[in-house]
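Novice: The numbering used here puts the sequence shown at residues 341 to 462.
I have a structure here, written as structure tokens, and I will follow up with some questions on it.
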Amino acid sequence: MENMSEKLFLQTVGRTIRLYRIEKALTQEELGGRAAICYKYLGEVERGRANPSLAVIYKIARALDMDVYEVLNTSADSPEKELYIPKILCLLKDKEAPTLRCLLKVIEASVELMDRRSDEIR
Numbered sequence: 341m342e343n344m345s346e347k348l349f350l351q352t353v354g355r356t357i358r359l360y361r362i363e364k365a366l367t368q369e370e371l372g373g374r375a376a377i378c379y380k381y382l383g384e385v386e387r388g389r390a391n392p393s394l395a396v397i398y399k400i401a402r403a404l405d406m407d408v409y410e411v412l413n414t415s416a417d418s419p420e421k422e423l424y425i426p427k428i429l430c431l432l433k434d435k436e437a438p439t440l441r442c443l444l445k446v447i448e449a450s451v452e453l454m455d456r457r458s459d460e461i462r
């Protein structure tokens, strides 16, 4: 049985693959076809339940037009954070100033509350 750090690593790599797949508007079937792997196996990889070989990681990375190191990068800011900011901006771009002011207050209050809870946990 794998230890917890291995499990977390596999889940993080899988989440990275899923996020980039979604960003490129591909289904699991489409990405599996491009990578020449079974889409069901790709689903297992994305959920962190499979331990793909480097060859499979290479195929997935190539199918996503990425480098292998991008798929394997498990640092805290990558890749999820990079995906959320543009999506948030896209949601807000057509809103009127009063709506944006209100949303800013909601975001500020939410961040403050999350920071306080984070401090309490420490």
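Yeah, the Cβ is synthetic: ideal placement off N, Cα and C, and Gly gets one too.
1. Classify residue 452: buried if its beta carbon has 16 or more other beta carbons within 10 angstroms, exposed otherwise.
2. Which parts of the stretch 364-427 are runs of the alpha helix (DSSP H), unbroken and 4 residues or longer, counting only runs that do not cross its ends?
3. Assuming contact is defined by CB atoms lying nearer than 8 Å, are residue 359 and residue 371 in contact in what I supplied?
4. Classify residue 357: buried if its beta carbon has 16 or more other beta carbons within 10 angstroms, exposed otherwise.
5. Taking buried to mean at least 16 other C-beta atoms within 10 Å of its own C-beta, is residue 436 buried or exposed?
6. If you drop the 5 nearest sequence neighbours on each side, which residues of the same chain put their C-beta closer than 7 Å to that of residue 354?
7. Judging by CA-CA distance, which residue of 346, 429, 361 is the nearest neighbour of residue 390?
8. Rounded C-beta distance between residue 410 and residue 403? I'm assuming under 8 Å.
9. Under a three-way DSSP split, which group does residue 436 fall into?
10. Might you give, ordered along the chain, the residues of its own chain that have their beta carbon closer than 7 Å to the beta carbon of residue 330, omitting 5 neighbours on each side?
11. If you measure between the beta carbons of residue 408 and residue 377, is that distance less than 8 Å?
12. Residue 341 by DSSP, collapsed to three states: which one?
13. Look at the alpha carbon of residue 351 and the alpha carbon of residue 434, and state the distance between them as a whole number of angstroms.
Specialist: In brief:
1. Here the question's residue 452 lines up with position 112 in the sequence shown. That one is exposed.
2. 368-375, 379-386, 394-403, 408-412
3. For the purposes of this step, residue 359 is taken as the residue at position 19 of the sequence shown. For the purposes of this step, residue 371 is taken as the residue at position 31 of the sequence shown. No, Cβ-Cβ distance for residue 359 and residue 371 is not below 8 Å.
4. In the sequence shown, residue 357 corresponds to position 17, counting from 1. Label assigned to residue 357: buried.
5. Taking the sequence shown and counting its residues from 1, one reaches residue 436 at position 96. Exposed, by the Cβ-count rule.
6. Against the sequence shown, residue 354 aligns to sequence position 14. Excluding residues within five positions, the ones whose Cβ falls inside 7 Å are 385, 386, 387, 388.
7. One-based indexing of the sequence shown puts residue 390 at position 50. That would be 346, whose Cα lies nearest to the Cα of residue 390.
8. Mapped onto the sequence shown, residue 410 falls at position 70. Mapped onto the sequence shown, residue 403 falls at position 63. Not really, about 13 Å apart at Cβ, beyond 8 Å.
9. For the purposes of this step, residue 436 is taken as the residue at position 96 of the sequence shown. Of the three classes helix, strand and coil, the one that applies to residue 436 here is coil, per DSSP.
10. Coverage of the chain is limited to positions 341 through 462, which leaves residue 330 absent and any answer about it impossible.
11. Here the question's residue 408 lines up with position 68 in the sequence shown. Here the question's residue 377 lines up with position 37 in the sequence shown. For residue 408 and residue 377, no; Cβs fall outside 8 Å.
12. Walking along the sequence shown from the start, residue 341 turns up at place 1. In this predicted model, residue 341 has a pLDDT of only 40, less than 50, meaning its place in the structure is not dependable enough to derive any value.
13. For the purposes of this step, residue 351 is taken as residue 11 along the sequence shown, with counting starting at 1. For the purposes of this step, residue 434 is taken as residue 94 along the sequence shown, with counting starting at 1. Each residue's alpha carbon lies about 35 Å from the other.
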